[in-house]
Amino acid sequence: MSIPSSADSIIVLDFETTGLSPQQGDRAIEIGAVKLHQGEVIDRFQSLMNPGFRVSGFIEGYTGITNNMLRSAPSCAEVMDQFADFIQGSNLLAHNASFDQRFLDAELALICRNYAGKFACTLLVSRRLHQETSSHKLGDLVKYHRIENDGVFHRALADAEMTARLWQVQLNALKDKYAISQPSFELMAKIAKTPKASVEQMLRKEALK
DNA sequence: TGCCAGGCCCTCTTTAGGGCCTT
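Start counting the first sequence at 4; every next residue gets the next number (the working numbering).
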């Protein structure tokens with residue numbers, strides 16, 4: 004299967020999990036995602052999932068997702084199988100994408116599913132495009148850029164929606180500052196991999212293409 | 001019961017250490 008081009012859809016996703024490391028036995032408890040096509044949200048995916056064990060009090064407090072809510076939720080395998088269908092044909096985007104990618108890879112490996120898209124990361128792009136900000140936490144960036152929100156944080160779909168809006172802010176910054184009229188997904192991924200000290204020069208060259 | 005990770009990035013760096021970010 005070929006990698007989707009920038010003209011195709013992008014899935015912005017966010018996991019809530021039992022902890023920080025699937026290698027240490029942590030599991031996903033919620034997935035939220037929006038599908039973007041040409042910058043517009045054209046579809047959404049959200050589901051709680053039962054990890055098969057009780058989550059800690061810290062996670063209940065941090066996410067607002069309680070053991071009682073998870074008791075009647077479908078299994079991780081059932082939800083992730085549906086999500087694998089949802090993301091086919093799309094590139095992927097998350098805030099601190101290495102975290103979400105680890106859980107996506109781990110959960111899909113358990114059900115022998117995979118995906119073809121590439122990941123981009125709004126955290127890495129933010130550290131390069133907005134070096135003036137002291138914090139690059141999603142919630143702080145939402146405040147800094149005055150991104151519309153409903154006050155819900157640390158729930159998967161709400162965080163995915165805000166990440167999608169942050170992505171649009173970053174695309175607009177490239178248009179305004181560097182006159183790059185239609186920044187591609189591939190360019191954003193390239194920005195994330197470019198050393199911070201070289202980004203300015205790289206984008207100036209990009210603007211001349 | 002208590003504990004756990006990993007990639008990025010900076011600097012008092014590279015034979016390392018520590019903060020940031022995600023739950």
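For glycine and all other residues, C-beta sits at the position ideal for the given N, C-alpha and C.
Distance check for residue j and residue i, CA to CA, integer angstroms please.
i           : j           : result
residue 95  : residue 138 : 23 Å
residue 194 : residue 121 : 14 Å
residue 31  : residue 56  : 11 Å
residue 21  : residue 150 : 28 Å
residue 160 : residue 14  : 12 Å
residue 280 : residue 185 : Absent from the structure is residue 280, since the part of the chain shown begins at 4 and ends at 212.
residue 191 : residue 42  : 14 Å
residue 45  : residue 38  : 6 Å
residue 71  : residue 166 : 28 Å
residue 100 : residue 131 : 15 Å
Do you know whose CA, among the options, lies nearest residue i's CA?
i           : options           : result
residue 108 : 146, 26, 168      : 26
residue 17  : 177, 212, 105     : 105
residue 64  : 36, 157, 93       : 157
residue 97  : 128, 116, 118, 67 : 128
residue 33  : 11, 40, 58        : 58
residue 35  : 116, 196, 99, 162 : 162
residue 203 : 189, 188, 176     : 176
Could you have a look at residue i and say whether DSSP puts it in helix, strand or coil?
i           : result
residue 117 : coil
residue 185 : coil
residue 51  : strand
residue 201 : helix
residue 140 : coil
residue 43  : strand
residue 5   : Any reading at residue 5 needs caution, since the residue's pLDDT is 44, under 50, leaving its predicted position unreliable; the model's value is listed next. In the structure shown, residue 5 sits in coil (DSSP, three-state: anything other than H, G, I, E or B).
Our contact map puts residue i next to residue j with C-beta atoms below 8 Å; I'd like the distance itself, whole angstroms only.
i           : j           : result
residue 208 : residue 134 : Actually they are not in contact, since the Cβ atoms of residue 208 and residue 134 sit about 19 Å apart, beyond 8 Å.
| message | Whether or not the segment 178-185 and the segment 85-101 are in contact is what I'm after, with contact meaning three or more pairs of Cβ atoms, one per stretch, closer than 8 Å; do they touch? | response | The answer is no - the segment 178-185 does not touch the segment 85-101, with fewer than three Cβ pairs under 8 Å.
| field | Cβ contact check for the segment 74-82 and the segment 46-55: 3 or more pairs under 8 Å | value | Touching, per the Cβ criterion.
| said: Using 8 Å as the cut-off, can you tell me whether the segment 101-116 makes contact with the segment 134-151, which would need three or more C-beta pairs spanning the two stretches below that distance? | reply: Output reads no: the segment 134-151 does not touch the segment 101-116.
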